[in-house]
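Chemist: Input: one structure, supplied below.
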Amino acid sequence: GQSEADISHFLSFFNNTSQPPLENSLHNAALRLEQATEIGDATEEAQALKELGLLHLRRVHDYEKAMDFLIRALAIEDSLSLQPQRALTYIAIARVFEVVGDYFKSAQFLEQALKINEEERDINALAMIMNGLGKVKASQGKLDEAFSHYAVVLKYRDDVDKNFEAEALFNIGHLYTSQGHYAEVLSTHKKALAI
Numbered sequence: 231g232q233s234e235a236d237i238s239h240f241l242s243f244f245n246n247t248s249q250p251p252l253e254n255s256l257h258n259a260a261l262r263l264e265q266a267t268e269i270g271d272a273t274e275e276a277q278a279l280k281e282l283g284l285l286h287l288r289r290v291h292d293y294e295k296a297m298d299f300l301i302r303a304l305a306i307e308d309s310l311s312l313q314p315q316r317a318l319t320y321i322a323i324a325r326v327f328e329v330v331g332d333y334f335k336s337a338q339f340l341e342q343a344l345k346i347n348e349e350e351r352d353i354n355a356l357a358m359i360m361n362g363l364g365k366v367k368a369s370q371g372k373l374d375e376a377f378s379h380y381a382v383v384l385k386y387r388d389d390v391d392k393n394f395e396a397e398a399l400f401n402i403g404h405l406y407t408s409q410g411h412y413a414e415v416l417s418t419h420k421k422a423l424a425i
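Going by my numbering, the sequence shown opens with residue 231, and the numbers climb by one from there.
Given below as structure tokens:
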């Protein structure tokens, strides 16, 4: 399955903690890509492409370039059958579509990641995918589906990284807000904050 280090590195692009200067990050990732290409290390090349894609998604906000890098990474991962890496790339592509408001495409890529994860059986990747699907379904107004995706995360609360549990609770609170169930909002947000 997906190593905790891989998931942690992936999530680091989406947290709001201090990060190295953008120019340094872009330079280092481009250098890693160049070196991997020179020595013919396709796995490292795919990783560097994914990193460039994530940087363009989260920090540069150039979604076209982000998609280009991610599709190139996915092509390499497909050719080498790197299943756990493919799942994260599908999640990244889904996030690009989510950012630009194409929730249908976002859901499609998350479903692809889910299929791969069924084989890999990584519980943290499952939680990340379910939280993503919940957000996409909520954005589409499909609240019952969103609740059910978050419920899967909570079902595995003893096994998943606590951040995924907190995210699910926080998102459930938002669903309750949209329904006007303010007591439930307060309760779930308190649980999320406690985590």
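A virtual CB, placed ideally from N, CA and C, is assigned to each residue, including glycine.
Since this is a predicted model, take the numbers as computed values, not measurements.
Can you give me the C-alpha to C-alpha distance between Ala278 and Arg262, rounded to a whole angstrom?
Modeler: So the two alpha carbons sit approximately 6 angstroms from each other.
Chemist: Which of the three DSSP states is assigned to Gln411 in this structure?
Modeler: This sequence places His at residue 411; Gln is not what is there. In this structure, His411 counts as coil in the three-state DSSP scheme.
Chemist: Can you tell me whether Arg351 is buried or exposed? The criterion is at least 16 other CB atoms within 10 Å of its CB, across all chains shown.
Modeler: Flag for Arg351 reads exposed.
Chemist: In the DSSP assignment, the alpha helix (DSSP H) including Ser425 goes from what residue to what residue?
Modeler: Note that residue 425 corresponds to Ile in the displayed sequence, not to Ser. From DSSP, Ile425 is part of no alpha helix (DSSP H); its letter is neither H nor E.
Chemist: Identify every run of the alpha helix (DSSP H) within the region 257 to 308, keeping only runs that are complete inside it and at least 4 residues long; order them along the chain.
Modeler: Correct list: 272 to 285.
Chemist: So which of Val290, Phe327 and Lys295 has the shortest CA-CA distance to Glu253?
Modeler: The residue with the shortest Cα to Cα distance from Glu253 is Val290.
Chemist: Answer yes if the region 367 to 374 comes into contact with the region 386 to 400, meaning at least three C-beta pairs across the two stretches below 8 angstroms, and no otherwise.
Modeler: With the cut-off at 8 angstroms, the region 386 to 400 and the region 367 to 374 do not touch.
Chemist: Can you round the beta-carbon distance between Ile269 and Ala355 to whole angstroms, since I take them to be within the 8 angstroms contact cut?
Modeler: That belief does not hold up - the Cβ atoms of Ile269 and Ala355 are roughly 29 angstroms apart, past 8 angstroms.
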